[in-house]
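For the sequence shown, counting from 1, position 134 maps to 194 in the working numbering; every step adds exactly one.
All C-beta atoms, glycine included, are put in the ideal place defined by N, C-alpha and C.
Computed from a prediction, not measured in an experiment: that's the story for all the values here.
Notes follow once the structure below has been shown.
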Amino acid sequence: MYRILLPVDSDKERAKRQINTVQSLPRGHDVEVILLHVHEPIDSPGDEAGGSVIDEINQSLAEIQGTPASVEEAYESLTEAGFSTRVGTATGEPVDCILEVAADEDVDMIVIAGRERSPVGKALFGSVTQGVILRSDLPVTVAK
61 MYRILLPVDS DKERAKRQIN TVQSLPRGHD VEVILLHVHE PIDSPGDEAG
111 GSVIDEINQS LAEIQGTPAS VEEAYESLTE AGFSTRVGTA TGEPVDCILE
161 VAADEDVDMI VIAGRERSPV GKALFGSVTQ GVILRSDLPV TVAK
């Protein structure tokens with residue numbers, strides 16, 4: 061089985077671009093799509109503040125926030141198109157979580173959508189897409 065990791069944030073338009081990209085890929089064999097939504101953590105003021113308490117707060121926050129509509133719509137679209145699809149969530153720094161899930165799930169490729177940013181914006185703030193491209197050993201397709 062060929063596995064594709066689809067990291068999806070709350071932006072429905074980016075999710076649609078990712079779905080279209082996955083649907084346009086050749087399908088010579090079974091394909092499983094793993095949708096991943098990453099909840100960004102609350103930063104701890106320091107180890108002395110009690111890391112386990114912050115971890116519990118982050119877990120509770122992820123449960124309260126739930127899965128955004130973009131992930132639910134992506135799941136429905138891909139399932140209707142005949143893809144084996146499942147949803148996962150993680151809490152942490154997005155690039156780290158995406159790469160960790162990719163390794164844990166033994167995926168074959170990552171399909172990610174980037175945000176439109178100016179060159180200055182990219183230099184100042186970085187980008188999840190850029191981080192995944194630079195740090196991944198897997199093929200990464202950027203949905204435009």
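### Task
Whole angstroms is fine: what's the gap from Leu-138's alpha carbon to Thr-145's?
7 Å
### Query
According to DSSP, what are the bridge partners of Ala-173?
Ala-203
### Query
Which residues in the same chain have their Cβ closer than 8 Å to the Cβ of Val-192, if we skip the five residues on either side of it in sequence?
Pro-67, Val-155, Ile-158, Leu-159, Ile-170, Ile-172, Val-200
### Query
Taking buried to mean at least 16 other C-beta atoms within 10 Å of its own C-beta, is Ala-141 buried or exposed?
exposed
### Query
With DSSP run on the structure shown, which of helix, strand or coil describes Val-147?
strand
### Message
Using a Cβ-Cβ cutoff of less than 7 Å, which residues in the same chain neighbour Tyr-135 once the five nearest sequence positions on both sides are dropped?
### Response
Leu-95, Thr-145, Val-147
### Query
Exposed or buried, Ser-196, counting other C-beta atoms within 10 Å across all chains shown (16 or more means buried)?
buried
### Query
On the premise that Ala-203 lies in contact with Arg-63, defined as a C-beta separation below 8 Å, what is that separation, rounded to the nearest angstrom?
Arg-63 to Ala-203, Cβ: 17 Å. No contact.
### Message
Less than 7 Å between C-beta atoms, sequence neighbours within five positions excluded: which residues of the same chain meet that for Gly-166?
### Response
It should be noted that the sequence gives Asp, not Gly, for residue 166. Correct list, in chain order: Arg-63.
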